[in-house]
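Remarks on the structure that follows.
Residue numbers (my numbering): 8 to 162.
So this is what it looks like as structure tokens:
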């Protein structure tokens with residue numbers, strides 16, 4: 008009998024989980040130039056023992072433009088976070104400047120495909136953001152690519 012009640016409760020929780028989705032777009036610049044090939048990620052940030060969920064990751068295009076979307080099944084409204092990892096106006100410091108943006112909950116839509124997109128607009132990454140962090144771990148492939156780009160610009 009205990010197992011039957013537990014099973015019914017488990018199905019109730021699973022049924023209460025609902026698909027939610029979010030989308031974000033915009034353009035990143037570094038001063039007057041497009042911020043091309045900047046790493047960006049869309050996360051669903053959780054508190055407590057549930058780990059954060061990566062919804063989608065990518066890079067800005069040659070014009071600094073991007074669009075990310077994703078979704079997650081949760082009991083409560085998701086907490087979408089957009090993260091940018093860049094080295095605009097950073098000199099030769101190791102790693103990347105990491106900036107987080109909270110996406111308004113009014114852009115969360117029901118279902119697996121977002122029905123609305125939050126437009127971040129044009130964002131100049133020279134801006135010094137409060138609570139900015141630094142990511143020091145960089146993949147070998149990414150480091151090699153940046154060195155090639157650096158030497159191409161100088162010669």
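Cβ atoms here follow ideal geometry from the backbone N, Cα and C, with glycine treated the same way.
| request: With DSSP as the reference, label residue 90 as helix, strand or coil. | output: Residue 90 carries a strand assignment under DSSP once its states are collapsed to helix, strand and coil.
| message | Please report the straight-line C-alpha distance between residue 99 and residue 24, rounded to a whole angstrom. | response | Computed Cα separation, rounded: 46 Å.
| query | Looking only at DSSP bridge pairs, what is residue 140 linked to? | reply | 105.
| Buried versus exposed call for residue 85 [16 or more other C-beta atoms within 10 Å across all chains shown] | Buried: at least 16 other Cβ atoms inside 10 Å.
| query | Going by the beta-carbon positions, is the gap between residue 77 and residue 110 smaller than 8 Å? | reply | It is not a contact, given that the beta carbons lie outside the stated cut-off.
| field | Identified DSSP bridge partners for residue 131 | value | Beta-bridge pairing links residue 131 to 36.
| Alpha carbon to alpha carbon, how far is residue 101 from residue 94? | For residue 101 and residue 94, the distance between alpha carbons rounds to 9 Å.
| field | Per DSSP, the bridge partner or partners of residue 78 | value | In DSSP, residue 78 forms a bridge with 28.
| Straight-line Cα distance separating residue 121 from residue 131 | Cα to Cα, residue 131 sits roughly 26 Å from residue 121.
| said: Going by C-alpha to C-alpha distance, which of 123, 67, 54 and 50 sits closest to residue 43? | reply: If we check each option's Cα against that of residue 43, 67 comes out closest.
| task | Within its chain, find whatever has a CB closer than 8 Å to the CB of residue 32; leave out the 5 residues flanking it on each side and keep chain order. | result | Listed in chain order, the non-local C-beta contacts of residue 32 below 8 Å within the same chain comprise 72, 73, 74, 75, 124, 125, 126 and 127, local neighbours out to five positions each way being set aside.
| task | May I have the straight-line CA-CA distance separating residue 34 from residue 142, to the nearest angstrom? | result | Computed Cα separation, rounded: 22 Å.
| task | In the DSSP assignment, find the beta strand (DSSP E) that holds residue 52 and state where it starts and stops. | result | Counting along the chain, residue 52 falls outside any beta strand (DSSP E), and DSSP gives it neither H nor E.
| query | According to DSSP, is residue 21 helix, strand or coil? | reply | Reliability fails at residue 21, whose pLDDT of 48 lies under 50, so the model's placement of it is uncertain and the value that follows must be treated cautiously. Looking at residue 21 - three-state DSSP - the assignment turns out to be helix.
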